[in-house]
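A quick write-up on the structure given underneath.
Number of protein chains: 2
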Amino acid sequence: MSRFQNLIEQHTATLQQAVNAIHTRDFYAHWPEAPSGKIYGENANADGQQRFQEQLNNPFTRLQQTGSSNHGEETSPYGFPLGITYPVADANTLVANAVAAQQQWRSFSAAERAAILIECLEKATPHFFEIAYATQHTTGQGFVMAFQASGPHSYDRALEAIATGYYALTSFDTERTWVKPMGKMEVTVNKKFYAVPKGVNVTVGCSTFPIWNSVPGMFASLITGNATIAKVHPKVVYPLAILVASMQQTLRELGVNPHIVQLGVPSPEVPLTVELINHADVKTVDYTGSSAFGTQIEQLCAAQGKVCFTEKAGVNCMIVESTNNIDAVLDNMAFSVVLYSGQMCTAPQNFFIPKAGVKEGEVVVPFDEVVARFIGKIDAIVNNEKMGPSTLGAIQNTGTIDRVAKANTLGLTVLRSSSTIAQPGFDAAQTSTPLVLQADANQQDIYEQEWFGPISFVVPVDSFEQAVEIVANTVKKHGALTTSCYTTDSAKQQHAEEALIYAGAPVAFNFTGPIWINQSSAFSDFHGAGANPAGNASFADLTFVTSRYNTIGVRSIG
Amino acid sequence: MSRFQNLIEQHTATLQQAVNAIHTRDFYAHWPEAPSGKIYGENANADGQQRFQEQLNNPFTRLQQTGSSNHGEETSPYGFPLGITYPVADANTLVANAVAAQQQWRSFSAAERAAILIECLEKATPHFFEIAYATQHTTGQGFVMAFQASGPHSYDRALEAIATGYYALTSFDTERTWVKPMGKMEVTVNKKFYAVPKGVNVTVGCSTFPIWNSVPGMFASLITGNATIAKVHPKVVYPLAILVASMQQTLRELGVNPHIVQLGVPSPEVPLTVELINHADVKTVDYTGSSAFGTQIEQLCAAQGKVCFTEKAGVNCMIVESTNNIDAVLDNMAFSVVLYSGQMCTAPQNFFIPKAGVKEGEVVVPFDEVVARFIGKIDAIVNNEKMGPSTLGAIQNTGTIDRVAKANTLGLTVLRSSSTIAQPGFDAAQTSTPLVLQADANQQDIYEQEWFGPISFVVPVDSFEQAVEIVANTVKKHGALTTSCYTTDSAKQQHAEEALIYAGAPVAFNFTGPIWINQSSAFSDFHGAGANPAGNASFADLTFVTSRYNTIGVRSIG
Chain A
0 MSRFQNLIEQ HTATLQQAVN AIHTRDFYAH WPEAPSGKIY GENANADGQQ RFQEQLNNPF
60 TRLQQTGSSN HGEETSPYGF PLGITYPVAD ANTLVANAVA AQQQWRSFSA AERAAILIEC
120 LEKATPHFFE IAYATQHTTG QGFVMAFQAS GPHSYDRALE AIATGYYALT SFDTERTWVK
180 PMGKMEVTVN KKFYAVPKGV NVTVGCSTFP IWNSVPGMFA SLITGNATIA KVHPKVVYPL
240 AILVASMQQT LRELGVNPHI VQLGVPSPEV PLTVELINHA DVKTVDYTGS SAFGTQIEQL
300 CAAQGKVCFT EKAGVNCMIV ESTNNIDAVL DNMAFSVVLY SGQMCTAPQN FFIPKAGVKE
360 GEVVVPFDEV VARFIGKIDA IVNNEKMGPS TLGAIQNTGT IDRVAKANTL GLTVLRSSST
420 IAQPGFDAAQ TSTPLVLQAD ANQQDIYEQE WFGPISFVVP VDSFEQAVEI VANTVKKHGA
480 LTTSCYTTDS AKQQHAEEAL IYAGAPVAFN FTGPIWINQS SAFSDFHGAG ANPAGNASFA
540 DLTFVTSRYN TIGVRSIG
Chain B
0 MSRFQNLIEQ HTATLQQAVN AIHTRDFYAH WPEAPSGKIY GENANADGQQ RFQEQLNNPF
60 TRLQQTGSSN HGEETSPYGF PLGITYPVAD ANTLVANAVA AQQQWRSFSA AERAAILIEC
120 LEKATPHFFE IAYATQHTTG QGFVMAFQAS GPHSYDRALE AIATGYYALT SFDTERTWVK
180 PMGKMEVTVN KKFYAVPKGV NVTVGCSTFP IWNSVPGMFA SLITGNATIA KVHPKVVYPL
240 AILVASMQQT LRELGVNPHI VQLGVPSPEV PLTVELINHA DVKTVDYTGS SAFGTQIEQL
300 CAAQGKVCFT EKAGVNCMIV ESTNNIDAVL DNMAFSVVLY SGQMCTAPQN FFIPKAGVKE
360 GEVVVPFDEV VARFIGKIDA IVNNEKMGPS TLGAIQNTGT IDRVAKANTL GLTVLRSSST
420 IAQPGFDAAQ TSTPLVLQAD ANQQDIYEQE WFGPISFVVP VDSFEQAVEI VANTVKKHGA
480 LTTSCYTTDS AKQQHAEEAL IYAGAPVAFN FTGPIWINQS SAFSDFHGAG ANPAGNASFA
540 DLTFVTSRYN TIGVRSIG
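As structure tokens, then:
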């Protein structure tokens with residue numbers, strides 16, 4: 000009997016619910032998304048805030064790993080340095096730790112690994128509020144988004160990867176007495192099948208969703224028997240450091256080598272990413288970030304025959320053709336633009352609107368009126384003192400501020416100017432409200448680039464069909480995480496659906512109310528189609544887990 | 000209701016049995032392997048032979064595809080030209096046909112595609128005997144092997160790919176009404192999930208197992224909605240031409256565009272392979288063949304971000320340490336060497352035997368005696384008039400004859416000389432009996448190369464552990480399709496099992512009786528570990544099918 004039998008039994012229901020959810024694609028959340036004291040404890044917020052305050056300007060000492068130096072360069076987008084330092088180790092040290100830890104980890108069964116990993120997540124749940132503050136003050140997200148994205152939504156994505164891996168690993172029986180009838184005799188062979196992990200994983204994280212974008216690759220690697228090194232962005236270390244430190248502590252308490260998961264902290268002297276990827280014992284790589292560096296990493300991996308999953312940049316498009324309620328449509332569109340100042344990989348950038356206007360039931364709302372009301376909706380959110388600052392958040396990277404300035408020099412009609420916005424309590428916050436420009440349909444050289452951040456383009460088109468053609472081409476040439484259409488015409492919807500799906504992007508129709516295309520739900524929505532230039536990863540399809548191991552057989556007679 | 004409803008119902012039991020078999024890894028064969036008139040019809044052999052004779056020296060006119068020229072260059076290894084010509088089309092034509100056919104094919108459900116593909120196989124079953132003669136006289140296999148390998152065993156591998164693909168495609172529900180509770184309200188989203196095929200597949204076949212090695216990639220591509228082009232070896236066209244022609248005819252009768260499967264016939268003017276792989280609409284590639292060309296193809300695919308599954312060459316090793324019945328061991332080893340003159344990718348090449356001898360129960364059989372009896376067993380099969388010629392078959396490629404000559408010049412001790420052997424009825428047959436050489440353990444530069452064909456090395460070793468270390472290194476450096484050990488010591492077995500499995504090769508222990516490590520059973524044995532330099536393909540694990548499509552979601556409200 001497994002020495003983890005109690006743990007397996009304790010987490011069986013969670014695992015089974017998660018596996019069931021990935022099959023049905025129904026709504027499922029193991030961790031409620033509300034940052035509520037009723038759910039997470041009345042003192043949870045205050046405790047988290049206190050731990051955050053205590054950590055500021057101090058070394059981060061919770062990891063079960065050492066470094067040859069200490070380094071930290073995080074600054075809150077809300078305008079103050081964090082002053083935290085982390086242990087920095089070189090690639091050889093991290094990989095050697097990982098290889099050593101893997102020897103034990105790969106010998107565990109899928110059920111054992113699933114139980115241990117779920118236990119790690121459960122034990123790390125009390126850190127949600129500290130993680131939220133850490134995320135807010137590294138990424139610039141508003142507090143609620145920071146809580147949801149780095150806490151419950153991330154943990155659910157991690158659980159999804161565990162469940163998908165468990166499902167794949169248990170798809171084939173691991174032992175079989177094989178009996179082949181041969182006329183009057185028969186041959187009996189005892190068979191065993193090992194899921195042999197490919198080897199050490201490196202997950203290269205990003206600066207905007209440091210946990211959400213990293214845990215799928217990390218947990219997909221772990222459930223399939225590999226050790227993982229979470230290489231963080233130098234300016235966004237703290238959130239994932241909390242999770243990794245908690246996991247390492249839980250693992251140590253369980254008698255498992257904690258180095259199956261390590262934090263890879265870069266410094267100016269130890270940039271780490273390329274060194275890790277080129278290490279002979281690193282066999283799989285996950286990457287979220289810019290297209291340029293992502294393409295370089297893909298090529299490094301391809302040349303060495305390594306498995307590489309990427310989520311790079313894309314250009315997300317919306318088409319507005321007809322609706323029964325244009326007010327609800329524009330509310331939804333505006334919120335998608337304002338949310339985290341357009342710094343989500345799923346945020347829409349280009350809005351295609353027929354020159355002849357948008358049909359609302361039997362009425363046609365003229366193009367100019369649609370645009371004016373869209374801008375008005377954005378203004379209403381931005382200028383709402385309660386909602387605006389917390390929805391916009393702050394700008395993570397000064398490059399994004401520069402990009403807004405550059406967009407202003409394109410010579411396009413400015414439909415809405417960008418400005419700063421006050422973040423109460425944070426006078427030095429780096430902010431930028433949405434810039435909305437109008438481009439002609441033939442200015443594809445401009446609007447088919449990714450303008451990451453609070454920059455959008457309204458593009459008047461001759462027809463819905465023209466818009467679909469442009470969007471499908473954008474998807475094929477430049478990639479996309481999301482596409483979206485508003486139409487009440489079922490034939491048009493069917494046409495767009497097939498054109499966009501077979502171009503390689505997911506598509507959302509007629510989103511209104513409290514759901515936005517920026518969102519992607521664990522267990523139900525595959526995040527990243529894996530089928531266009533925005534990346535080959537999909538959280539979490541079967542390939543995302545099965546590419547991390549091989550099934551190898553042992554046959555014996557007697 | 001599907002217009003293929005009857006077909007789906009007709010083949011449901013076959014599909015379910017196959018899916019069940021891939022789960023349990025138990026023995027399963029949909030097509031009995033015996034070339035028996037009782038199973039396949041009393042006239043089946045005579046009819047097949049007649050069709051073969053009628054096809055000789057005539058154009059092959061059964062395909063539903065045309066060419067810009069006709070070409071054929073097949074010669075039987077048994078010593079006569081086949082004189083058959085095939086339509087040759089260029090890469091652009093073949094890919095354009097495939098793209099056009101895919102539009103319809105991708106719209107079918109997994110159940111529809113599975114039923115149609117099983118119907119294709121069932122309708123092609125009456126061709127088993129003609130396929131056997133075609134295989135014998137292109138590959139040089141003996142008739143019974145040719146029947147089994149290209150007929151029932153191939154069709155079972157095809158069915159396995161269908162079943163694995165069907166299992167993967169049906170792992171996630173394709174439609175869901177998703178309801179997210181949000182306090183007192185809820186959000187409802189209608190979700191659909193498309194399995195979007197990556198695009199046209201090219202399967203590059205080999206000269207020794209032209210159907211068996213090609214159908215897994217072809218059927219894995221087809222079940223996942225892609226069209227496939229089976230690019231054949233210029234000297235081994237006929238066997239797969241029969242299957243593809245039969246499939247095309249069945250598809251046409253079902254109202255399905257037959258160009259979802261096409262034969263790619265090369266000619267000196269149209270070499271085809273690289274042109275096909277470089278075509279923008281070709282998205283996945285399967286390859287079986289030499290390591291040099293395979294590595295070139297892997298690099299071509301990597302540079303273009305295409306999925307590439309390879310089975311290249313490996314160096315298969317056996318270790319003989321102890322047994323309760325050395326006679327049975329040597330019988331088994333000898334047959335593995337003689338079978339198809341070592342022209343199987345799974346055939347053992349290197350035999351590691353302790354200098355101190357092999358333990359048989361309490362007795363130690365000295366090294367020299369083990370070797371002498373091993374050679375004696377080979378001689379007994381080779382010189383058996385009934386068994387020898389049909390087991391050895393003929394040599395497919397004159398390069399293999401040259402390789403035997405080269406091996407003779409290595410300066411190693413010749414334990415058994417190679418010679419020709421008479422193939423009754425075929426005076427001009429190209430044959431070569433096994434050459435067995437003795438090498439020192441430190442002559443790895445010689446015996447760690449692949450010596451494809453009837454060439455083996457006996458290597459005396461100091462210990463079992465030394466042998467395991469050498470074999471594990473061979474697997475890691477040069478790849479292997481199989482490894483094998485004979486030992487009665489359970490601790491030694493456990494040590495070898497872990498060392499070889501984690502090196503990345505399957506391992507067989509103590510094979511005696513009518514089962515040989517050369518064999519790999521559909522539905523139970525994963526062929527190709529996918530984890531060592533011998534290739535990244537595994538027939539048929541989940542990655543082998545899931546890498547051929549992406550799951551992309553449609554969300555809609557209202």
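Going down the list, the protein sequences come from chains A and B. Just so it is clear: in the first sequence, position 42 is 41 by numbering that gives the first Met the number 0, and no numbers are missing. Just so it is clear: in the second sequence, position 133 is 132 by numbering that gives the first Met the number 0, and no numbers are missing. Here a beta-carbon is modelled for each residue, glycine too, at the ideal position from N, C-alpha and C.
- Looking at C-beta atoms only, is the number of pairs between the segment 372 to 389 of chain A and the segment 54 to 62 of chain A that lie closer than 8 Å three or more? no
- Beta carbon proximity, Leu541 of chain B to chain A, threshold 8 Å: yes
- Query: Skipping 5 residues on each side, what residues in its chain have a beta carbon closer than 7 Å to that of Ala244 of chain A?
  - Reply: Arg61 and Leu62
- Message: Does the CB of His258 of chain B have a neighbour CB from chain A at under 8 Å?
- Response: no
- Query: What are the start and end residues of the alpha helix (DSSP H) that includes Cys205 of chain A?
  - Reply: Where Cys205 of chain A is concerned, there is no enclosing alpha helix (DSSP H), given that its DSSP letter is neither H nor E.
- Taking the CB atoms as reference points, tell me whether Ser170 of chain A and Leu221 of chain B lie closer together than 8 Å. no
- Message: Does Pro270 of chain A pass the burial test, meaning 16 or more other C-beta atoms within 10 Å, or should it be called exposed?
- Response: exposed
- Query: Helix or strand or just coil, what does DSSP make of Gly216 of chain B?
  - Reply: helix
- Task: For Phe26 of chain B, return the contacting residues in chain A, with the cut-off set at a CB-CB distance below 8 Å.
- Result: Trp177, Val178, Lys179 and Pro180
- For Gly503 of chain B, return the contacting residues in chain A, with the cut-off set at a CB-CB distance below 9 Å. Val195, Asn549 and Ile551
- Message: Given this structure, state the Cα-to-Cα distance separating Pro532 of chain B from Lys305 of chain A, to the nearest angstrom.
- Response: 12 Å
- Task: Starting from the Cα of Pro388 of chain A, find the closest Cα among A:Trp104, A:Thr432 and A:Gly360 and give me that residue.
- Result: A:Thr432
- Task: Can you check the segment 73 to 115 of chain A for any beta strand (DSSP E) of at least 3 residues that lies completely inside it and give the ranges in chain order?
- Result: 85 to 87
- Message: Looking only at its chain, what residues have a beta carbon closer than 6 Å to the beta carbon of Tyr27 of chain B, apart from the 5 residues adjacent to it on each side?
- Response: Ala20 and Phe522
- Residues, ordered as in the chain, of the segment 511 to 540 of chain A that lie near chain B by beta-carbon distance below 7 Å: Thr511, Gly512, Pro513, Ile514, Ser523, Asp524, Phe525, Ala528, Gly529, Ala530, Ser537 and Asp540
- Task: Out of B:Trp30, B:Glu268, B:Gln103 and B:Pro215, point me to the one whose CA is closest to Ser68 of chain B's CA.
- Result: B:Glu268
- Run down chain B in chain order and give the residues with a C-beta less than 7 Å from the C-beta of Val188 of chain A. Ile514
- Query: Lys234 of chain B and Glu72 of chain B: beta carbons closer than 8 Å?
  - Reply: yes
- Item | Where Thr187 of chain B falls, given that 16 or more other Cβ within 10 Å makes a residue buried | exposed
- Query: So which residues on chain A does Thr545 of chain B lean against when the C-beta distance must stay under 8 Å?
  - Reply: Asp540, Leu541, Thr542 and Thr545
- Item | Presumed contact (8 Å Cβ cut-off) between Leu158 of chain B and His29 of chain B, rounded CB distance | 6 Å
- Message: For the segment 289 to 301 of chain B, list every residue whose C-beta sits within 9 Å of some C-beta in chain A, in sequence order.
- Response: Glu297, Gln298, Cys300 and Ala301
- Item | Residues of the segment 4 to 24 of chain B with Cβ closer than 9 Å to any Cβ of chain A, in chain order | Ile21, His22, Thr23 and Arg24
- Task: Can you tell me which of A:Glu121, A:Lys354 and A:Met317 puts its alpha carbon nearest to the alpha carbon of Tyr39 of chain A?
- Result: A:Glu121
- Message: Please confirm whether Ala507 of chain A has its beta-carbon closer than 8 Å to some beta-carbon of chain B.
- Response: yes
- How about Val553 of chain A and Val506 of chain B: do their beta carbons lie closer than 8 Å? yes
- Message: Report the start-end ranges of each alpha helix (DSSP H) in the segment 327 to 382 of chain B that is 4 residues or longer and not cut off at the edges.
- Response: 366 to 381
- Who pairs with Ile454 of chain B in a beta bridge, going by DSSP? B:Leu434
- Task: Could you tell me whether any Cβ in chain B is nearer than 8 Å to the Cβ of Glu310 of chain A?
- Result: no
- Neighbouring residues, chain B, relative to Ile556 of chain A (Cβ below 9 Å): Ala507, Phe508, Asn509, Phe510, Thr511, Gly512 and Ile514
- N- and C-terminal bounds of the alpha helix (DSSP H) containing His70 of chain A: That residue, His70 of chain A, is in no alpha helix (DSSP H); its beta strand (DSSP E) goes Ser68 to His70.
- Applying a beta-carbon distance threshold of less than 8 Å, which residues of chain A neighbour Ile500 of chain B? Tyr193, Val195, Ile551 and Val553
- Separation of Thr202 of chain B from Tyr165 of chain B, as counted between CA atoms: 20 Å
- Query: Can you round the beta-carbon distance between Leu434 of chain A and Arg415 of chain A to whole angstroms, since I take them to be within the 8 Å contact cut?
  - Reply: 7 Å
- Message: What does DSSP give as the partner residue(s) for Cys300 of chain B in the beta ladder?
- Response: Cys300 of chain B pairs with nothing; no bridge assigned.
- Query: When the Cα of Thr124 of chain B is compared with those of B:Pro265, B:Glu53 and B:Gly150, which residue comes out closest?
  - Reply: B:Gly150
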